[in-house]
Amino acid sequence: MVQAIKWVDEIAPGAPYVTTLETLDKYNCDFCVHGDDITLTVDGKDTYEEVKTAGRYRECKRTQGVSTTDLVGRMLLMTKAHHSNIDEDLDYRKHTDNFGKGPKGRSPWTGVSQFLQTSQKIIQFASGKEPQPGDTIIYVAGAFDLFHIGHVDFLEKVHRLAEKPYIIAGLHFDQEVNRYKGKNYPIMNIHERTLSVLACRYVSEVVIGAPYAVTADLLDHFRVTLVCHGMTEVVPDKDGSDPYEEPKRRGIFQLVDSGSNLTTDLIVQRIIKNRLEFEARNQKKEAKELAVLEAMRRLDEKR
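So that you can map any letter, position 186 of the sequence shown is 186 in full-length UniProt numbering, and since no number is skipped, the others follow by simple counting.
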């Protein structure tokens, strides 16, 4: 999964939780980079203390509003308030803020915040590459919700179909996904799903809010030579028609077996099954973080 991120050149399997100078030297790394949240060992120590002391640590700001805690909360609460352009009476923020929250309050690192999409974020993730002569332009479409290894396996298989593939991923709007998936899907809204797919090394371009039916206009506009879909069920369009009718008519439609049985539904089922474990984990994690915050506050007061 990590190998499929386009900024990753090499992975270190089985890396220790506490990053040491030995680990950096083993993989010829100049320094270690982490987000601006804190990670602690079981006894409350900073896992990056050694590399920080040696001056081989760099920090970057986390993307505001992207939180595992929030995603887990959405799966368990079964509301649709996280969708774009949805206004519900249910106070979603109030409910997610209480998910896994301990009696001492909310940590700023593990807590939930709202994700706000900006053009700069999209530019940072986009490749900016145009199709080149000789490229095979391949179109795939879907929700790509909770972007996971099943999606990666599918996109990798599609990527192998051509010598010079240029893969365009069409992402359906939240309301469209909810129409054919039901419940509170998608778990991630259109803005979050866009960045997830753009981060994949196999994807060259993303169509934000792609039409459910793959139309002649879409195929002609992007000069698509191949349309692919996985082995999951294709739900008919609102009028009962096949959304892939046009590419099938042109003879450019192909089913691709990813070889993976992991789906977004399966991930959600796992989370629901282990709800109490996730809540206990978050409470324990936040208790440690709040203790560190209190220690930092006392240190500042002494100064």
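Think of the CB as a built atom: it goes at the ideal place given N, C-alpha and C, for glycine as much as any other residue.
Asked, Found
"Go ahead and label G170 buried or exposed: buried means 16 or more other beta carbons lie within 10 angstroms of its beta carbon, across all protein chains shown.", "buried"
"Going straight from the alpha carbon of Y202 to that of H172, what length do you get?", "19 Å"
"Among the residues of its own chain, which have a CB less than 8 Å from the CB of K121, if the five just before and after it don't count?", "T63 and L195"
"Along the chain, where does the alpha helix (DSSP H) that runs through H221 open and close?", "A216 to H221"
"How long is the line joining the alpha carbons of A287 and E294, rounded to whole angstroms?", "11 Å"
"DSSP three-state call for H172: helix, strand or coil?", "coil"
"Rounded to the nearest angstrom, what separates A4 and A143 at their Cα positions?", "18 Å"
"List the endpoints of the continuous beta strand (DSSP E) containing R58.", "Y57 to C60"
"Enumerate in chain order the residues of its own chain whose CB-to-CB distance from G100 is below 7 Å, with the five nearest sequence positions on each side excluded.", "Per-residue confidence for G100 stands at a pLDDT of 49, beneath the threshold of 50, marking its modelled position as unreliable; no derived number is given."
"Would you kindly work out how many angstroms separate the C-alpha atoms of D265 and L40, rounded to a whole number?", "32 Å"
"Looking at the unbroken beta strand (DSSP E) that takes in F253, where does it start and where does it end?", "F253 to L255"
"In three-state terms, what does DSSP make of V235?", "coil"
"Report the residue from L219, L255, R275 and K164 whose alpha carbon sits nearest the alpha carbon of N74.", "Per the sequence presented here, residue 74 reads as Arg, with Asn not at that position. The shortest C-alpha separation from R74 is found at R275."
"Give the DSSP-derived three-state secondary structure of A141 in the structure shown.", "strand"
"Taking the alpha-carbon positions, what's the P103 to A210 distance?", "Its pLDDT being 47, under 50, P103 is placed unreliably in this model, and the value from its coordinates should be taken loosely. Rounded to whole angstroms, P103 to A210 spans 44 Å at the Cα level."
"When the Cα atoms are used, what is the spatial distance from P13 to V51?", "19 Å"
"Among A81, I11 and V234, which residue has its Cα nearest to the Cα of Q175?", "A81"
"Expressed to the nearest angstrom, what Euclidean distance is found between the alpha-carbon atoms of T118 and Y166?", "25 Å"
"Taking the alpha-carbon positions, what's the V152 to M1 distance?", "7 Å"
"Does T68 come out as helix, strand or coil in the three-state DSSP assignment?", "helix"
"Just the C-alpha distance for S204 and G230, rounded to the nearest angstrom, thanks.", "18 Å"
"For T225, does the three-state DSSP call read helix, strand or coil?", "coil"
"Would you list the one or two residues that DSSP bridges to P133?", "Answer by DSSP bridge pairing: none, since P133 is not bridged."
"Would a C-beta distance cut-off of 8 Å place I267 and H159 closer than the cut-off?", "no"
"Report all residues from its chain with a CB closer than 8 Å to the CB of A291; omit the five preceding and five following residues, and keep chain order.", "G44"
"Starting from G44 and walking both ways along the beta strand (DSSP E), at which residues does that stretch end?", "Element bounds for G44: n/a, residue is neither H nor E."
"For the alpha helix (DSSP H) containing I208, name the first residue and the last one.", "Run containing I208: none in the alpha helix (DSSP H); it sits in the beta strand (DSSP E), E205 to I208."
"Flag this pair as yes or no: are the beta carbons of C32 and Y48 separated by less than 8 Å?", "yes"
"Report the option in V227, D239 and G240 whose CA atom is closest to the CA atom of I252.", "V227"
"Taking the alpha carbon of R58 as the point to measure from, which residue in H34, L71 and L77 has its own alpha carbon closest?", "H34"
"What three-state label does DSSP hand P247 in the structure shown?", "helix"
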